[in-house]
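> Using our numbering, the first residue of the sequence shown is number 58, and each one after it goes up by one.
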Amino acid sequence: MAETILLNQMDYVYISETTIPELADGNQIGEMKYEVIVVPQCITLRKTTINFLKSFMSQGGRVIFVGSKPEYSDGHRSNYVDILYGEAENVINEEGSILQTLEEHRIVEVCNERGARDLRYLYQLREDDNSVWLFVAK
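(1) Inspect the beta-carbon positions of F109 and A81 and report whether they are closer than 8 Å.
(2) To the nearest angstrom, how far is it from the Cα of K242 to the Cα of Q181?
(3) Considering only residues of the region 68-134, which uninterrupted alpha helix (DSSP H) runs meet the minimum length of 4 residues and lie entirely inside it, listed in chain order?
(4) Where does the unbroken beta strand (DSSP E) through E184 begin, and where does it stop?
(5) Just the C-alpha distance for E161 and P78, rounded to the nearest angstrom, thanks.
(6) Report buried or exposed for S115, applying the criterion of at least 16 other Cβ atoms within 10 angstroms of its Cβ.
(7) Of all the options I155, I149, R163 and Y91, which has the alpha carbon lying nearest to the alpha carbon of G118?
(8) Which partner residues does A194 have in the DSSP bridge list?
(9) Please report the distance separating the alpha-carbon of P127 from that of G172.
(10) Can you tell me where the beta strand (DSSP E) holding E146 begins and where it ends?
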């Protein structure tokens, strides 16, 4: 999934479940603020992650699960994630579905001379204090 998103010019960062308990605050983790969190196909989620995602959604954040519902919480079979999964968006684990769901959040698009997206380019967009940094690589 990461390759699909990256190679289709959508910026993203990984969020480690281990950082959530100590760094999460509302729709922010550490210094980073998020509008959308995509949960990749997985078997288990930590309860701290589920609680954060519930809080994130209650504050207007968008949570998208890719694929089927995780069946385990903290490594044990559980239905703890059921309500969150039911309230969040769900997409099938296919490239087109993921990209279509995320399209409205696209910020940068690198196009060729004909105006079509040029997938030979990758980018990263970051904000730092009062500056915005755009890195483009071919």
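Glycine residues also receive a C-beta, built at the ideal position from the N, C-alpha and C atoms.
These numbers were taken from a predicted model, which means no experiment stands behind them.
According to the structure shown:
(1) yes
(2) This structure cannot speak to residue 242, because the chain is shown only from 58 to 195.
(3) 77-80 and 104-115
(4) L179 to D185
(5) 29 Å
(6) exposed
(7) Y91
(8) L179
(9) 40 Å
(10) E146 to V148
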